[in-house]
Each structure stands twice: as structure tokens, then as C-alpha cells.
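As they're listed, the protein sequences go chains H and L. 67 is the number that my numbering gives to position 64 of the first sequence; each next residue is one higher, with no gaps. 129 is the number that my numbering gives to position 94 of the second sequence; each next residue is one higher, with no gaps.
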Amino acid sequence: MIRVSHLTRRFGAHVALDDVSFEVGQGEVVGFLGPNGAGKTTAMRILAGYLPATSGSASVAGFDVLGQSLEVRRRIGYLPESVPLYREHRVVEMLDFHARLHRMPRARRRQRIPEVLDQVGVRDRARDLIGSLSRGLKQRVALAVALLPDPAVLILDEPTSGLDPLQRIEVRALLRGLAERRTVLLSSHILPEIEATCRRVLVIHRGRIAADGAPQDLVAKLAGASFVRLEAVVGPDFEKALRLLRAIDGVREVLHRGKLGIHDVFEVHGEGDSREDVGAIAARTGWALRELSWQRPTLEQVFARLTLDLEPAAQSAAPAAAASGAAPAARPPVVTLNPFERPPPPRGGSGQSA
Amino acid sequence: MSGLFAIWRRELSALFFGPLAWTLLCLALLLDGRLFVGELAASSGDVDVATRYAFVVSFYIAILAAPLVTMRMISEESRAGLLEYLLTAPVTDAAVVTGKFLAATSFFAILSAAVFVYGGVLAAQGLAPDPGTLVAGWLGLVLASALFCAIGTFASALTSTPMVAAFSAVLLDLALVLAPQLARLSPAPWVQRLGARFDLTDHLSSSFLLGAVDTARVVFFLAWTGLFLFLAVRAVEGRRWR
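Right, here's the structure in full:
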């Protein structure tokens, strides 16, 4: 449905897109992920027919975005990040204008406008002036505008930016519903949103595709394996605790990550979830347990690794630290993005508790 | 074509949603009406002279008002992201620019139609002006206003700041009106001839305002208007490369 081949776009000396190629099949929901200035918006603008490419080609529904731009524009619903709406118009007038641009006959307009207003949940605000609507409602109206011609392809640039958490959940649910019948390409800074909505992720960084695949595959491949995290008071002999933990069946490596107050922090790496075995040892030896959690790597780590050149979690866990039992070494500030390396909380753990 | 019509319709309605169009209409009608009545009295009731005078006043009003009407049409939309919306809708760049230009020109066609009200009032007093002269004068004024609107649309496409667009358009309008008149003062005969050929006021006053619709002069206005519209479309296309 979308085919991008060796696409390059320069703005003067700045290369916004550098030889980018990818394909999106019919009915796929693809998340475009990347830091600010990575080239996401530029790629979307080229696909929507707003910007021409410096070199390379792109097609949507079999039509070239440059040579057959009008054909492409008839088949896509594009929602730019700026949420472009005429403030002086009523919601229904804005939709009517958009329908006329798409040469929709009057009967179709009368049927389709209430349909999309229902779909995005603003039917009761149809007669309101757009300028008087809240940011979230404007976002919904802009989405209604994009959906109005019933496009085969939806290109949504940051569809939830500026929304509060509740509105984000609503829009996310709406997008999941839309994705059932359409090809959707959406960009977002909010990684859990991409994980929840998209079956495929394209990570774009410095104008190039840095990763492409299903979120769970990317996480497994790039962010390292899951592990058990343990915070407990194990007494003065933490070496003994290390020995006990290493003796658990299937455990490959146990790392001592230093102390948080009086609690020692361990990471138990190996095959499968060994929380029950660790819990049994804690009960048997009388360790005062504060946290026993199963830590799964997230898309956020993949994103951080690809865009900030961080090491994957499994590699960052230096075996030397386990042997010496020393406190964690000082790390550059970017590590705070890694949820495994949280700063010490004043009291109590905040991980995914067992 | 339906896209162009939709844009024209939206732009014209948007003009009347804001206070600018109403303020301009009010001020222009007050000024033009007052000067018309004054001229009618000064010319001892010569209806043709007074009507011609009203047209000339409307012409100079258009020089200043057209940039105000067109200044936001592209520049403001570019800033608000609405141009991205329009340029990704299934309409050509030319349709976007032409729709906006036609909306501005329609506003001036409505504004200039005040002369028909003057004609009606005078007819009620038994001083009916020649209807042909009124229609020809109105047509000339609409053509001149169309040229100023095309210049304003072009200026609006060049910048993202409406005031800069308005200021540039006024300067361009004045240059186009005054340069040929200055050229006519030149000692060189070829410069004088060139000035005469490009003199907007002369094209208006020696044809349309006398009740004659000269196709050569119609083409003169349409050609200049077409040139600036073409430049405006190119400027909008150029925005895609910035």
C-alpha cells in the first residue's frame, strides 16, 4: 500500500531523510518512532504529497506521490501535527468544506459527516465554533476531517500530542478501531502508545531507518533478556546470598548491584522467571524482602539504545560488578532513561512487583 | 473546479466572519459616498462627472484595501499550518491560489457595486445616469481590483507575516500605478510611449469610465492579473521546497 524507495530529502545542507526505504502492506498499522528532528514528519509530508523528495521515490496505493499527487491525496487521510482547522468555522462547516474539496456529492456528504462525527465522539459539538473547542476536541475534529473521505491509508503525525492522559487513552482506542480496515502510519513520541497500537515499528534516527519490526521482536533482539530483580536485607555476607541464588536451576548469572540503604540489590539472569525460587530462598533464609520483580525490557530501551547509542541491558550488566560486589559505577546521565538503572528511591521500591 | 469553488466559497464567507471586511466596507462606502455627494454638488448636478469621480475614488481605495483583504490569505495560513492542510487536499496549487484570489476580487465587486445604489437613488430623483456607463465603470473597477488582489495574493505567498505582505503589496500597487505616470514625464519619447502603454489609470479613465468596454484594455488588465497569479502559484509551490 505504501512503498518508499531510496528516499532522500535535503533542506540546504541538512539531510532530513537519507536513503530511506520501506514498505507498508495493506491493513498494516505501523508506528513511526524517532526523536525530534529524526525525519518522521518529513517522511510523512512526502507521502502526503506536501513535500517533494530530493531523490528516490514513494508511492501510495500504486500512485507516485510526486507524479500522481492528486490521486494519492484522494486516497489518504492526513493529520499533520499542527492540527490545521479553521477556527472561525463550525465543526460541521469544516467537514463540509473538506468534503467539497474531495468532490463528495451532497447526499454522500449528508450521510458521511454525521458518521465520522459519531466515530470520533463529537456529534454533540457539531454546531460549535472550532475556535471555542479544547485541544482534545480539536484533535478529534481533525481526525474526523482525515477520516471523512473514508481513505484507504491514514497518515497521522503525532495524533495524541498535547492531549491529557485520558484523552490519549480515548484516541488510542479510536485508532485501534480505525486500524481494522485501513493501512495506518502513525508517529508518536509516546512509546507505550506505539507498543499498544502498532503491530510494526519503524525507528527512524538521523534520517535513516534504524530498526524495523514487531515491537516484541525488536525488544527481544535489541534490549536484552528479562530478569528477576531482588531487593532484600541479606545480612553482612552477600557472597553467601550470591551463591544461593546462583544455585537456582536455570540461573546463568547473578549480579550484585550495590546497596540501596540497608537493602542489597541483585539481578538474577537466566532462563525463565525464577521469582518463586528466589522467594523460597528468601523465606528459608529469613531475608527481609522489599522487592521481588520480573523486569521486562521495553520498547523505550530499544529506542534509547538506537537513538542514544546505549548498550542493551543484558550487555550493560557487567559481570565484574557481580564478582566485586562494588557499588554501581558512575554512568552518563542518559542512563536515567533506562528503567533498570533507577536512581535510589527514598523509601520502598517502584518496579513491577511480583 | 469544484475544489476551486469550495475554496472561493470558504474564503469569501471567512472574510465576512471577521471584522476587517465589514470595517473596510463601512469606511469605503462612507468616504466614497461623501465624496460622490460633494462632487455632485460641485459639478452642479452633473451625474456623469460625479459617477466618474466615485469610480476614481473607489480605484484608490482598492489600492490600499486590496492588500489588507489579501494579506492573510496565504501568509497566515502558512503560519497556522492550514496551508499544509490545503496543499495535501486533492486540489491543485493553482486552484488554492485562484480560489483565494477570486474571493478577494468578489469582495471588491460587492464593494464597487455601491455605484448601482447611487444610480438608483439618482434615478429616483429623475437624474438617471446612463446604465451602460455604470456597468462599464463597474467592470473596469473590478478588473483593476482583480489586479491589486492578484498582487496582494502574490505578496501573501511570499512571506509568513501578514503585515509584511500588506506593506509589500501596497508598494507594488503604487509602483505599478505611479511608474508609468512618471515615465510619461520623461524627455525620451520611447519612455513616454512605454509609460502611456502601461498607465493603469489611463486604461481605466479613457475607456471603462467613459462607458466603453475595450477588449484590448480588458486583456491588458487580465494579462497583468494572470502574471501575478502565476507568480503567486510559483511562490506557493516554492514553499514546498523550503
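Glycine is no exception: its CB is placed at the ideal position from the N, C-alpha and C atoms.
DSSP on residue i, reduced to helix/strand/coil?
i, result
"residue 298(H)", "strand"
"residue 273(L)", "helix"
"residue 160(H)", "strand"
"residue 114(L)", "helix"
"residue 265(H)", "coil"
"residue 257(L)", "helix"
"residue 89(H)", "coil"
"residue 5(H)", "strand"
"residue 244(L)", "helix"
"residue 11(H)", "strand"
"residue 67(H)", "strand"
"residue 277(H)", "coil"
"residue 22(H)", "strand"
"residue 144(L)", "helix"
"residue 62(H)", "strand"
"residue 125(H)", "coil"
"residue 27(H)", "strand"
"residue 45(L)", "helix"
Quick test of your reading: residue i and residue j, contact by CB under 8 Å. State the CB separation rounded to the nearest angstrom.
i, j, result
"residue 302(H)", "residue 221(H)", "7 Å"
"residue 190(L)", "residue 207(L)", "7 Å"
"residue 53(H)", "residue 266(L)", "Contact doesn't hold; Cβ gap of about 21 Å is too wide."
"residue 4(H)", "residue 27(H)", "6 Å"
"residue 133(L)", "residue 66(L)", "Not quite, the Cβ-Cβ distance comes to about 30 Å (not below 8 Å), so this is no contact."
"residue 290(H)", "residue 236(H)", "6 Å"
"residue 186(H)", "residue 80(H)", "So it is not a contact: roughly 11 Å between Cβ atoms."
"residue 148(H)", "residue 133(H)", "Actually they are not in contact, since the Cβ atoms of residue 148(H) and residue 133(H) sit about 10 Å apart, beyond 8 Å."
"residue 45(H)", "residue 6(H)", "With a Cβ gap of about 17 Å, residue 45(H) and residue 6(H) do not count as contacting."
"residue 249(L)", "residue 242(L)", "4 Å"
According to DSSP, what are the bridge partners of residue i?
i, result
"residue 204(H)", "34(H) and 216(H)"
"residue 133(H)", "Residue 133(H) pairs with nothing; no bridge assigned."
"residue 88(L)", "Bridge partners of residue 88(L): none, in fact."
"residue 189(H)", "34(H) and 159(H)"
"residue 81(H)", "158(H)"
"residue 234(H)", "268(H) and 294(H)"
"residue 17(H)", "14(H)"
"residue 256(H)", "272(H)"
"residue 177(L)", "Residue 177(L) is not bridged to any residue."
"residue 211(H)", "208(H)"
What's the C-alpha gap between residue i and residue j?
i, j, result
"residue 281(H)", "residue 264(H)", "21 Å"
"residue 216(L)", "residue 171(L)", "23 Å"
"residue 125(L)", "residue 107(H)", "12 Å"
"residue 200(L)", "residue 94(H)", "30 Å"
"residue 287(H)", "residue 233(H)", "15 Å"
"residue 116(H)", "residue 151(H)", "7 Å"
"residue 130(H)", "residue 41(L)", "20 Å"
"residue 261(H)", "residue 245(H)", "12 Å"
"residue 106(L)", "residue 188(L)", "7 Å"
"residue 191(H)", "residue 210(L)", "50 Å"
"residue 166(L)", "residue 91(H)", "39 Å"
"residue 300(H)", "residue 238(H)", "30 Å"
"residue 164(H)", "residue 84(H)", "8 Å"
"residue 103(H)", "residue 112(H)", "8 Å"
"residue 284(H)", "residue 228(H)", "23 Å"
"residue 154(H)", "residue 170(H)", "24 Å"
"residue 260(L)", "residue 208(H)", "46 Å"
Beta carbon of residue i: closer than 6 Å to some heavy atom of the ligand HEM?
i, result
"residue 238(L)", "Judged by which ligands are present, the structure shown has none, so any question about the ligand HEM falls away."
Checking 7 Å against the spacing of the C-beta atoms, do residue i and residue j come in under that value?
i, j, result
"residue 184(L)", "residue 100(L)", "no"
"residue 137(L)", "residue 57(L)", "no"
"residue 23(H)", "residue 36(H)", "no"
"residue 188(H)", "residue 33(H)", "yes"
"residue 198(H)", "residue 218(H)", "yes"
"residue 168(L)", "residue 246(L)", "yes"
"residue 42(H)", "residue 210(H)", "yes"
"residue 272(H)", "residue 255(H)", "yes"
"residue 238(L)", "residue 252(L)", "yes"
"residue 89(L)", "residue 71(L)", "yes"
"residue 159(H)", "residue 88(H)", "no"
"residue 78(H)", "residue 61(H)", "no"
"residue 180(L)", "residue 110(L)", "no"
"residue 149(L)", "residue 264(L)", "no"
"residue 309(H)", "residue 213(H)", "yes"
"residue 118(L)", "residue 112(L)", "yes"
"residue 139(H)", "residue 166(H)", "yes"
"residue 19(L)", "residue 66(H)", "The displayed coordinates of chain L run from 36 to 277. Any statement about residue 19(L) would go beyond what the structure contains."
"residue 212(L)", "residue 218(L)", "no"
"residue 85(L)", "residue 93(L)", "no"
Closer than 7 Å by beta-carbon distance: list the chain C residues that pair up with residue i, in chain order.
i, result
"residue 104(H)", "The structure shown has no chain C; the protein chains it does contain are H and L."
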